[in-house]
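Colleague: Residue numbers (the numbering used here): 235 to 705. Sharing a structure with you now.
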Ligand code: HEM
């Protein structure tokens, strides 16, 4: 990652001077025809590099039109705040990005277009993600991590290089399946992981070059269909066996089966199916990538690792963390926050304007697609010194207070923020604390720099491979 953001176009601030003035909306720059043509290839080859080029040359807002698809790319905390919070009612997910992932998400919470259908689902599901519920899932996180660490003890010899992405991806998957279904995925984990990666590559490729249409029967699109059928089959099996079971369960599926809205009605079986699949995708894809990046960052920064060791040793003193310890592991949390800044896994999203609007002085016509990229936002030069450098102290409370809130939004913001935010943060802190409690992470000499692979979510290209030395 070499490109960086330099300039920024500050949104216009309208100072009331007492003298009435005619205020004209500011003009949003259009990408030149040459940049649009070059963009078709550039996006396919290096999507992140292309985004930086647009920001550098056009500023924090610009109309980008590539392959006939027009969208306003925004890159300023105030713009994000306007779209996601202040005027969120005017913005839906009826956009090109969510149409691309529609064959997979199909109206589940992540891809739901918005309005009352989304509000109802969110109301029904929200109570399952409150703090006491997440506290109940913390034991799944510590149990599964302990199990993995015990296995490492006899599986790896000193000096072995571990495929951290596969190991921790599997761990994240076991945690989400156990929390959702109380189920052990057993040896299906690896094939589910491979399916997710393949689906992400197919849909990510389509997003960067949307031709031919996703419903055309190309080999890739047919493969995607097969993957979706397999995932659907798995989800149906689990739900059907739960409906037939007399046993009492204390997992998310049980909560969702019994959840009702104000009027006493719950979810239809079809909607339940979609929501379960959305939760698997939301809960696995993002966390598994983050834990890989976390270990990579810790391996690259011995000073940070030393501080982590000191903290886990003093707070935990060798015991397994409980839910209450998560709040005490403050430096561990800073490392998680800084990793989510640099390698924010849900790195891009889109919204569509319902009615005409003005975003901080810029006129946005009705039915405009807006492209919001958290990767570039989190490295914005106006808000982060040396933005490409890993520095957990940026998340000391005194530093956080100096920045606008919307300079950092890995879980988005406003009513459509991530429902699994507390679940994810608890899981990430627990996994990092338990691994650093037991291991010292070392970057093997031959490991190349790990590059980002910007699919629908942000992956470490080729995975992260590290030496894990028992402490
Ligand atoms: C590091 C971990 C995670 C990150 C960075 C993350 C990030 C995000 C972001 C940015 C959004 C908003 C997307 C948009 O507006 O387009 C979102 C939504 C969502 N996430 Fe997460 N997420 C994480 C973990 C989880 C987990 C663990 C779950 C569930 C167990 C989950 C379930 C969802 C769902 C269902 C939504 C849609 C919410 C709605 O629209 O009402 N996520 N997530």
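The beta-carbon is built from N, C-alpha and C at its ideal position, and this holds for glycine as well. None of the values given here were measured: they were computed from a predicted structure.
Which of the three DSSP states, helix, strand or coil, is assigned to residue 606?
Modeller: What you label residue 606 is simply residue 372 of the chain shown in a count that begins at 1. If DSSP states are grouped into helix, strand and coil, residue 606 belongs with the strands.
Colleague: Helix, strand or coil: which one does DSSP assign to residue 559?
Modeller: Numbered from 1 along the chain shown, position 325 holds the residue referred to as residue 559. In this structure, residue 559 counts as helix in the three-state DSSP scheme.
Colleague: State the DSSP-derived secondary structure class of residue 297, mapped to helix, strand or coil.
Modeller: As a position in the chain shown, residue 297 is number 63, starting the count at 1. Three-state result, residue 297: strand.
Colleague: Any heavy atom of the ligand HEM closer than 8 Å to the CB of residue 560?
Modeller: Numbered from 1 along the chain shown, position 326 holds the residue referred to as residue 560. No, the ligand HEM has no heavy atom inside 8 Å of this Cβ.
Colleague: Kindly identify the DSSP beta-bridge partner or partners of residue 307.
Modeller: By 1-based counting over the chain shown, the position of residue 307 is 73. In the DSSP output, where bridge partners are listed per residue, residue 307 has 296 and 605.
Colleague: Residue ranges of each alpha helix (DSSP H) run of no fewer than 4 residues wholly in the region 363-408, ordered along the chain?
Modeller: DSSP runs (the alpha helix (DSSP H)) wholly in the region 363-408: 365-389.
Colleague: Put residue 663 into one of helix, strand or coil per three-state DSSP.
Modeller: If you number the chain shown from 1, residue 663 lands on position 429. In this structure, residue 663 counts as helix in the three-state DSSP scheme.
Colleague: Measure the C-alpha to C-alpha separation of residue 438 and residue 690 and round it to an integer number of angstroms.
Modeller: Here residue 438 corresponds to residue number 204 of the chain shown, with the count starting at 1. Here residue 690 corresponds to residue number 456 of the chain shown, with the count starting at 1. Computed Cα separation, rounded: 5 Å.
Colleague: Can you check which of these residues, 311, 540, 451 and 589, is closest to residue 705 by C-alpha distance?
Modeller: As a first step, residue 705 must be located in the chain shown, where it is residue number 471. The shortest C-alpha separation from residue 705 is found at 540.
Colleague: Based on DSSP bridge pairs, tell me the residues matched to residue 702.
Modeller: The count along the chain shown starts at 1 and reaches residue 702 at position 468. Residue 702 is bridged to 675.
Colleague: In chain order, what residues of the same chain lie with their CB nearer than 8 Å to the CB of residue 466, ignoring the 5 residues before and after it?
Modeller: Here residue 466 corresponds to residue number 232 of the chain shown, with the count starting at 1. Cβ neighbours of residue 466 beyond the five flanking positions: 507 and 511.
Colleague: Would you check if the distance between the CB atom of residue 587 and the CB atom of residue 604 is smaller than 9 Å?
Modeller: As a working mapping, residue 587 is identified with position 353 in the chain shown. As a working mapping, residue 604 is identified with position 370 in the chain shown. Taking 9 Å as the Cβ cut-off, residue 587 and residue 604 qualify as a contacting pair.
Colleague: Mapping the DSSP letters down to three states, classify residue 687 as helix, strand or coil.
Modeller: Your numbering for residue 687 matches position 453 in the chain shown. Strand.
Colleague: Let me check you understand the geometry: is the CB of residue 344 closer than 8 Å to at least one non-hydrogen atom of the ligand HEM?
Modeller: In the chain shown, counting from the first residue as 1, residue 344 sits at position 110. At least one heavy atom of the ligand HEM is nearer than 8 Å to the Cβ of residue 344, so yes.
Colleague: In three-state DSSP terms, what is residue 584?
Modeller: The residue you call residue 584 lines up with position 350 of the chain shown. In the structure shown, residue 584 sits in a strand (DSSP, three-state: E or B).
Colleague: Taking the C-alpha atoms as reference points, what is the distance between residue 249 and residue 345?
Modeller: Sequence index remark: in the chain shown, residue 249 carries index 15 (1-based). Sequence index remark: in the chain shown, residue 345 carries index 111 (1-based). Reliability fails at residue 249, whose pLDDT of 43 lies under 50, so the model's placement of it is uncertain and the value that follows must be treated cautiously. If I take the Cα positions, the gap works out to 39 Å.
Colleague: When you measure from the CB of residue 661 to every non-hydrogen atom of the ligand HEM, does any distance come out below 8 Å?
Modeller: Within the chain shown, the letter at position 427 stands for residue 661. Checking every heavy atom of the ligand HEM against the Cβ of residue 661, one is found closer than 8 Å.
Colleague: Taking the beta strand (DSSP E) that residue 507 falls in, what are its first and last residues?
Modeller: The sequence position of residue 507 within the chain shown is 273, counting from 1. Not the beta strand (DSSP E): residue 507 falls in the alpha helix (DSSP H), residues 503-534.
Colleague: What do you reckon, are the CB atoms on residue 379 and residue 702 nearer than 9 Å?
Modeller: Locating residue 379 in the chain shown gives position 145, counting from the first residue. Locating residue 702 in the chain shown gives position 468, counting from the first residue. No.
Colleague: Where does the unbroken beta strand (DSSP E) through residue 344 begin, and where does it stop?
Modeller: Stepping through the chain shown from its first residue, residue 344 is reached at position 110. Here residue 344 belongs to no beta strand (DSSP E), and DSSP marks it neither H nor E.
Colleague: State the DSSP-derived secondary structure class of residue 418, mapped to helix, strand or coil.
Modeller: In the chain shown, residue 418 corresponds to position 184, counting from 1. Residue 418 falls in the coil class under three-state DSSP.
Colleague: Report the residue from 695, 301 and 688 whose alpha carbon sits nearest the alpha carbon of residue 273.
Modeller: Walking along the chain shown from the start, residue 273 turns up at place 39. If we check each option's Cα against that of residue 273, 301 comes out closest.
Colleague: Comparing alpha-carbon positions, which option in 673, 333 and 355 lies nearest residue 546?
Modeller: Working through the chain shown from its first residue, we reach residue 546 at position 312. The option with the nearest alpha carbon to residue 546 is 673.
Colleague: Mind checking whether residue 332 and residue 584 have CB atoms under 9 Å apart?
Modeller: Here residue 332 corresponds to residue number 98 of the chain shown, with the count starting at 1. Here residue 584 corresponds to residue number 350 of the chain shown, with the count starting at 1. The answer is yes: Cβ separation under 9 Å.
Colleague: Which residues in the same chain as residue 363 place their Cβ atom closer than 7 Å to its Cβ, once the five residues preceding and following it in sequence are excluded?
Modeller: Taking the first residue of the chain shown as 1, we reach residue 363 at position 129. For residue 363, where only same-chain residues beyond five positions count, the Cβ hits under 7 Å are 653, 654, 656 and 657.
Colleague: Starting from residue 565, trace the alpha helix (DSSP H) both ways and give me its first and last residue.
Modeller: Taking the chain shown and counting its residues from 1, the one referred to as residue 565 is at position 331. Residues 564-576.
Colleague: In three-state terms, what does DSSP make of residue 653?
Modeller: Taking the chain shown and counting its residues from 1, the one referred to as residue 653 is at position 419. Looking at residue 653 - three-state DSSP - the assignment turns out to be coil, as it is neither helix nor strand.
Colleague: Within this structure, are the beta carbons of residue 694 and residue 399 separated by less than 9 Å?
Modeller: Position 460 of the chain shown, counted from the start, is the residue given in the question as residue 694. Position 165 of the chain shown, counted from the start, is the residue given in the question as residue 399. Contact: yes.
Colleague: Please classify residue 445 as buried or exposed, where buried requires at least 16 other C-beta atoms within 10 Å of its C-beta.
Modeller: Counting from 1 along the chain shown, the entry for residue 445 is found at position 211. Per the 10 Å Cβ criterion, exposed.
Colleague: Tell me, to the nearest whole angstrom, how far the beta carbon of residue 614 is from that of residue 396; I am working on the premise that it is less than 8 Å.
Modeller: Start at 1 with the first residue of the chain shown, and residue 614 comes out as number 380. Start at 1 with the first residue of the chain shown, and residue 396 comes out as number 162. About 34 Å; that fails the 8 Å criterion.
Colleague: Indicate whether residue 411 and residue 418 have their beta-carbon atoms separated by less than 9 Å.
Modeller: Counting from one through the chain shown, the residue named residue 411 turns up at place 177. Counting from one through the chain shown, the residue named residue 418 turns up at place 184. Contact flag set, yes.
Colleague: Skipping 5 residues on each side, what residues in its chain have a beta carbon closer than 8 Å to that of residue 581?
Modeller: In the chain shown, counting from the first residue as 1, residue 581 sits at position 347. Within the same chain, residue 581 has close Cβ partners 607, 608, 609, 688, 691 and 692.
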